[in-house]
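Counting in my numbering, the sequence shown runs from 953 upward without gaps.
Virtual Cβ for every residue (Gly too), placed ideally from N, Cα, C.
Have a look at the structure below before the remarks.
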Amino acid sequence: MPMNYAPHITHQYREHEQPETAAAGLLSMTPTAPALTVAPAALLADWKQRKLICQSDNSLLLGFDKSIGSVEPSSGVYLRLGEESDVALLAVSGDSGSGKTSTMRFLMAQAAMRGAAIVLADPHGRDNAQSLVQSCSPLSSSFLIPPAVSWNEIHEAIQTVDTIGRNRLSGGATDRTHIMLVIDEWCDVARNAPDVKDITRLLVNVADLYRKVNITAFLVVHHWRINEWKSGTLKDACQGTIFHRMSKSEAKLFVSDATLSQQISFLPHGDAMYFKRGAPAPVRLLSLIHI
């Protein structure tokens, strides 16, 4: 199915399905796996009322600084968007069951509440009931285009985001609605997609060119391998990484410090470390699952 973006058309939610309602529906689901439980809808609403989330049009809450030990605005770790953005390409990494899917679902729900347009690509979306495509179906009213699951659809979805970025940069489109591109099962894409070189090039465009026009991309990664990351251009382009628990050997692909890679390998379920390029040290994030 062709995927075309018309910059003059304002992103619309389906009738009777406002973004907050859709996000609340996602977070109140009863999934089959604990790793998919993020937070009850009431907690999400409470965070919004306390201005922990949706506090502005230019930030997403990544989590809470565990060193502070409280759930307050002062302990929030935020991803800045738009003209203030310094991270446009971010990886969410971890072993199966480590909490990365919960983190990504929380970020997508939060983006939907803010009125973002989500572009979701997942080569396992049809086969896995726990995939982002299926578990995030309550957010479908916030999808700019239908979820992409075939290799051709995935390539076209990323090309659509690239077209939006180029139109915005050239002045052909004045709309600055936040576009959130999410690619689940990135390693499968990197290994098997026939157009992976062009997909990588387009993702580098997001990182280098489109962050100032309110476009961000998230790569959800289960198992890194050296040929998919260490020597690739994406390692240089990626400006931030949220690490959930993973093996020490895989953590070393990102982190040269042996102590930090050891700490990543022993993270409790749901906890994470956020590494931002240029930051003096990573931030340990509280588990969103157990708050």
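Cα separation between residue i and residue j?
{"i": "S1027", "j": "F1170", "result": "23 Å"}
{"i": "E1035", "j": "Q1214", "result": "36 Å"}
{"i": "R1118", "j": "A1145", "result": "24 Å"}
{"i": "M1228", "j": "I1167", "result": "For the record, residue 1228 in the displayed sequence is Lys; it is not Met. Approximately 18 Å, taken between the alpha carbons."}
{"i": "A976", "j": "P1099", "result": "With a pLDDT of only 46 at A976, under the threshold of 50, the placement of this residue in the model should not be trusted; the figure read from the coordinates follows. Going from the Cα of A976 to the Cα of P1099 covers about 20 Å."}
{"i": "F1016", "j": "A1231", "result": "17 Å"}
{"i": "V1157", "j": "T1115", "result": "It is Asn, not Val, that sits at residue 1157 in the sequence shown. Roughly 11 Å separates the two Cα atoms."}
{"i": "A1101", "j": "H1076", "result": "The sequence given here places Val at residue 1101; Ala does not occur at that position. V1101 and H1076: Cα-Cα distance of roughly 7 Å."}
{"i": "H1196", "j": "L1042", "result": "13 Å"}
{"i": "K1052", "j": "S1093", "result": "23 Å"}
{"i": "D1150", "j": "C1006", "result": "34 Å"}
{"i": "T1185", "j": "A1064", "result": "30 Å"}
{"i": "D909", "j": "T1211", "result": "Past the edges of the chain, shown from 953 to 1243, lies residue 909, and the structure says nothing about it."}
{"i": "A997", "j": "R1057", "result": "16 Å"}
{"i": "S1201", "j": "S1239", "result": "23 Å"}
{"i": "L1205", "j": "C1088", "result": "30 Å"}
{"i": "I1135", "j": "L1155", "result": "10 Å"}
{"i": "A1125", "j": "F1218", "result": "46 Å"}
Secondary structure at residue i, three-state DSSP: helix, strand or coil?
{"i": "S1011", "result": "strand"}
{"i": "R1032", "result": "strand"}
{"i": "K1149", "result": "helix"}
{"i": "M1225", "result": "strand"}
{"i": "A1073", "result": "strand"}
{"i": "R1118", "result": "helix"}
{"i": "D1017", "result": "strand"}
{"i": "A1169", "result": "strand"}
{"i": "L1042", "result": "strand"}
{"i": "V1235", "result": "strand"}
{"i": "M1198", "result": "coil"}
{"i": "L1133", "result": "strand"}
{"i": "A1125", "result": "coil"}
{"i": "N956", "result": "Residue placement at N956 is flagged as unreliable, the pLDDT there being 39, under the threshold of 50; the coordinate-derived value follows with that caveat. Coil."}
Flag residue i as yes if its beta-carbon sits less than 7 Å from any beta-carbon of chain D, otherwise no.
{"i": "P1090", "result": "Of the chains in the structure shown, none is chain D; there is only one protein chain."}
Just to confirm before moving on: does the CB-CB distance between residue i and residue j stay below 7 Å?
{"i": "G1049", "j": "M1198", "result": "no"}
{"i": "L1133", "j": "V1113", "result": "yes"}
{"i": "V1029", "j": "I1194", "result": "no"}
{"i": "I1216", "j": "A1203", "result": "yes"}
{"i": "V1039", "j": "Q1191", "result": "yes"}
{"i": "L1014", "j": "L1033", "result": "no"}
{"i": "H1130", "j": "A1068", "result": "yes"}
{"i": "V1085", "j": "W1138", "result": "no"}
{"i": "R1163", "j": "S1037", "result": "yes"}
{"i": "L1059", "j": "L1012", "result": "yes"}
{"i": "M1189", "j": "A1159", "result": "Per the sequence presented here, residue 1189 reads as Ala, with Met not at that position. A contact, by the Cβ cut-off of 7 Å."}
{"i": "V1165", "j": "R1120", "result": "yes"}
Does any heavy atom of the ligand COA sit closer than 6 Å to the C-beta of residue i?
{"i": "S1019", "result": "The ligand COA is not among the ligands present in this structure, which contains no ligands whatsoever."}
Per the contact definition of three or more C-beta pairs closer than 8 Å, is the segment 1105–1119 in contact with the segment 1080–1092? no
Would the segment 1068–1075 count as touching the segment 1217–1229 if we require 3 or more Cβ pairs under 8 Å? no
Quick one: complete alpha helix (DSSP H) runs, 4+ long, within the segment 1046–1096? 1052–1065, 1084–1087
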